Amino acid sequence: SRQWVALVVGHELAHQWFGNLVTMEWWTHLWLNEGFASWIEYLCVDHCFPEYDIWTQFVSADYTRAQELDALDNSHPIEVSVGHPSEVDEIFDAISYSKGASVIRMLHDYIGDEDFRKGMNLYLTKFLQKNAATEDLWESLEKASGKPIAAVMNTWTKQMGFPLIYVEAEQVKDDKVLKLVQKKFCASGPYAGEDFPMWMVPISICTSDDPTSAKMQVLMDKPELTLVLKDVKPDQWVKLNLGTVGFYRTQYSPDMLESLIPAIKDLSLPPVDRLGLQNDLFSLARAGIISTVEVLKVMEAFVNEPNYTVWSDLSCNLEILSTLLSHTDFYEEIQVFVKDVFSPIGERLGWDPKPGEGHLDALLRGLVLGKLGKAGHKATLEEARRRFKDHVEGKNILSADLRSPVYVTILKHGDSATLDTMLKLHKQADMQEEKNRIERVLGAIAQPELIQKVLTFALSEEVRPQDTVSVIGGVAGGSKQGRKAAWKFVRDNWEELYNRYQGGFLISRLIKLTVDGFANDKMAAEVKSHGFGDRASELWDCCQFITRLLMIPTSLALLITPHMVEMSSIPRCRSRFVPSVVPCNESKALPWDR
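Offset between the sequence shown (1-based) and our numbering: plus 1.
Below, the structure written as structure tokens:
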């Protein structure tokens, strides 16, 4: 909560300069307000709270969210021609905010901090209490840096999408020769358009000699590029996109990817680069460009991972995979895989904080225990039940950091009495924060009749109207049965829900949360046929999301299953995913540090 407050305060303070002191010329340049504020909020928090490792969290949150939306066929450029104020709501999305912030971060890295500050000073001084357009910003930064800023950045703000950079390496004596090819990245699969969009991409390359600094920086201003890295031995690895700053995805040749695995295991690759690497792999798999099994094999390299944000991103990607596999025969196997992957870090962390731990350690503990609990890890489930009992009886009140993982665990494997107890805790809670915490996890309950009880509760007077969406969304994200029940509930109560939110952002968020995870043709067809009455035009950003659902998950489910079957000849069922992950011993109690 403290971190979130710090980010919000930083964002709103940034508007004193980007929005108030200098105001956008027209809505086409909205990103000058929101993109900059979304970047500066992280800059401020990093300065005030360096222990938060906030830029790694930026990649996991804003950077990847922008790429997910911008990979759709119906995305839009950062700069959108707005003909009428009624069209403005359509561009208040992750493109203006998160992609805007991401390309500013890339631009700052390309120019360098000193010249960037000079350019921003020129811009803010020249347009003090005036209106400015994107071109005005480029002019100031170009004057300060001497670099072709407008030519470079127009490829990022005036056209939608972003590139996939394919790279392969050849050893030539003591040098490595890299061949880079850029093509548009599409969530629906390999790009097959008739046009050939191209970006001017700032490329930074590091090697195992120094993973934290660039051995080479170059501007890729054509579809293909050949580079020679001097004095890079055969046993040295090479990585593109140092710091995951460039707004592109990278696909490595098999040999290059294999060489990076030891750098993940021994943590010599920095956290933000480990995160970016695995996120690229999962995205390539979801687009059908590489095998899902190939990605899961790399997962074993993260067994020693200590970083919260890396684990959080891995967890989200595995959750997406679990959701898709819930429609196949492989769901139980992926839960076994999750337990095998998360058990080692669970054993290291335990349940109770240790001396010297910080903010991110607490977040990591909650994430890992919640993941193990939901997956049914025996020792975690038993300890969660014990601690929940003590909490309810007032013997030992759960700390705020442990409540969500304990609540979600006991609900996932609970019964009617468990749900009644949670609803009682909700009613008794004095703080809205605790009520919201409970509301978000109620959907973990598994039995169909209890799922209906939670959905009915969502529309009751016990839940604030603005929080109803979280309850229904929690049901939809809790299980395969929950997704079906939540979708039916929204359809059956559509008029009441729409009238309650009057076409605002909450109704769009409700639909997104409800239909996210649909991964078969029947459910996708139901979404398409519903049409949401005559209000589709008012739910533009939601329609974008639904388009992605109709386009991706169905094909992805078909892509995943054959790859999983390829692994079925391996004796241990968990080895159908990653042969060398050590199976966890569920009867072994984790170190609870009582």
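Beta carbons: idealized from backbone N, C-alpha and C, even for Gly.
Given the structure is predicted, the values throughout are model-derived calculations rather than measurements.
Could you spell out where the alpha helix (DSSP H) holding residue i opens and where it closes?
i    : result
E435 : Q433 to V442
S323 : Y309 to L326
T422 : S417 to Q429
V60  : Note, V60: premise wrong, no alpha helix (DSSP H); not H, not E.
V516 : F506 to V516
N397 : From DSSP, N397 is part of no alpha helix (DSSP H); its letter is neither H nor E.
S344 : Y332 to L350
A486 : K481 to D493
G374 : H360 to A376
E450 : P449 to A459
Go to residue i, then tell me how far its beta strand (DSSP E) extends in each direction, as first and last residue.
i    : result
V53  : According to the sequence as given, residue 53 is Tyr; it is not Val. Y53 -> no beta strand (DSSP E), and no H or E assigned at all.
A170 : P164 to V173
R250 : R250 to Y253
D635 : The question about residue 635 has no answer here: the residues shown for the chain are numbered 2 through 595.
D176 : D176 to K185
L241 : V239 to L241
Who are the Cβ neighbours of residue i in its own chain at under 7 Å, not counting the five residues just before and after it?
i    : result
L350 : L365, R366 and V369
P191 : I290
L451 : S417 and L420
S327 : K481
K119 : A145
V296 : L282, F283 and A286
K428 : E463
G222 : It is worth fixing the name first, because residue 222 is Asp in this sequence and not Gly. M201.
Once the 5 residues before and after residue i are set aside, which same chain residues still bring their CB inside 8 Å of it?
i    : result
N494 : L460
H12  : A38, S39, I41 and E42
P563 : Model confidence at P563 stands at a pLDDT of 47, short of 50, so the residue's coordinates are unreliable and nothing is read from them.
T381 : G347, L370, L373, G374, T410 and L591
A430 : K436 and I439
L456 : V472, I473, V476, A486, A487 and F490
V9   : E42
D232 : D175 and D176
Please report the Cβ distance between residue i and residue j, rounded to the nearest whole angstrom; I am assuming they are in contact, meaning their Cβ atoms lie under 8 Å.
i    : j    : result
A447 : K489 : That belief does not hold up - the Cβ atoms of A447 and K489 are roughly 17 Å apart, past 8 Å.
V273 : V60  : 6 Å
L319 : V339 : 6 Å
G247 : P203 : 6 Å
V464 : T422 : In fact, because the Cβ distance is near 17 Å, the residues do not count as touching under 8 Å.
T265 : A302 : For clarity, residue 265 is Ile in the given sequence; the question names Thr instead. 4 Å between Cβ atoms; contact.
A363 : P356 : Incorrect: roughly 13 Å between the Cβ atoms, too far for contact.
H378 : S344 : 7 Å
F519 : R484 : 7 Å
L261 : L278 : 7 Å
Once the 5 residues before and after residue i are set aside, which same chain residues still bring their CB inside 6 Å of it?
i    : result
T156 : W200 and M201
D63  : S99 and A102
L511 : V470
K159 : P78 and E80
A7   : V46
L560 : Residue placement at L560 is poorly supported in this model, since its pLDDT is 47, which falls under 50; the coordinates are not used for a value here.
L514 : G474 and A477
S269 : P212
L243 : S205, C207 and A215
N132 : T24 and E26
G20  : N34
A445 : V409, L412, K413 and G479
Taking Cβ positions only, does residue i come closer than 8 Å to chain D?
i    : result
M201 : Judged by its chain identifiers, the structure shown contains no chain D, having just a single protein chain.
Would the segment 18-27 and the segment 44-56 be scored as touching if the rule is three or more Cβ pairs under 8 Å? Touching, no.
Three CB pairs or more closer than 8 Å across the segment 217-236 and the segment 169-183: Verdict: yes, contact present.
With a cut-off of 8 Å, do at least 3 Cβ pairs link the segment 30-39 to the segment 90-103? Verdict: yes, contact present.
Evaluate contact between the segment 65-72 and the segment 142-160, counting only Cβ atoms and requiring at least three cross-stretch pairs below 8 Å. No, the segment 65-72 is not in contact with the segment 142-160.
Any beta strand (DSSP E) of 3 or more consecutive residues that is wholly inside the segment 79-167: For secondary structure counted as the beta strand (DSSP E) over 3 or more consecutive residues, the segment 79-167 holds these complete runs in sequence order: 131-133.
When you compare the segment 434-443 with the segment 404-423, are there three or more beta-carbon pairs, one atom per stretch, that lie closer than 8 Å? Short answer: they touch.
Ignoring anything shorter than 3 residues or poking outside the segment 192-225, list the beta strand (DSSP E) runs there in chain order. Within the segment 192-225, the complete beta strand (DSSP E) runs of at least 3 residues are 202-208 and 217-221.
Counting only runs of 4+ residues fully inside the segment 268-310, write out the alpha helix (DSSP H) ranges in chain order. Fully enclosed alpha helix (DSSP H) runs of 4 or longer: 272-287 and 293-300.
Mind listing, in chain order, the continuous beta strand (DSSP E) runs of no fewer than 3 residues lying wholly within the segment 14-44? Entirely contained in the segment 14-44, the beta strand (DSSP E) runs reaching 3 residues are, in chain order, 23-25.
I'd like to know if the segment 251-258 and the segment 164-178 are in contact, where contact means that at least 3 CB-CB pairs between them fall below 8 Å. Output reads yes: the segment 164-178 touches the segment 251-258.
Measuring CB atoms only, is the segment 232-240 touching the segment 201-218, in the sense that at least three cross pairs come out at less than 8 Å? Three or more Cβ pairs closer than 8 Å define a contact, and the segment 232-240 meets that threshold against the segment 201-218.
Check whether the segment 108-119 and the segment 128-136 are in contact - that is, three or more C-beta pairs closer than 8 Å. Judged by Cβ distances under 8 Å, the segment 108-119 makes no contact with the segment 128-136, as fewer than three pairs qualify.
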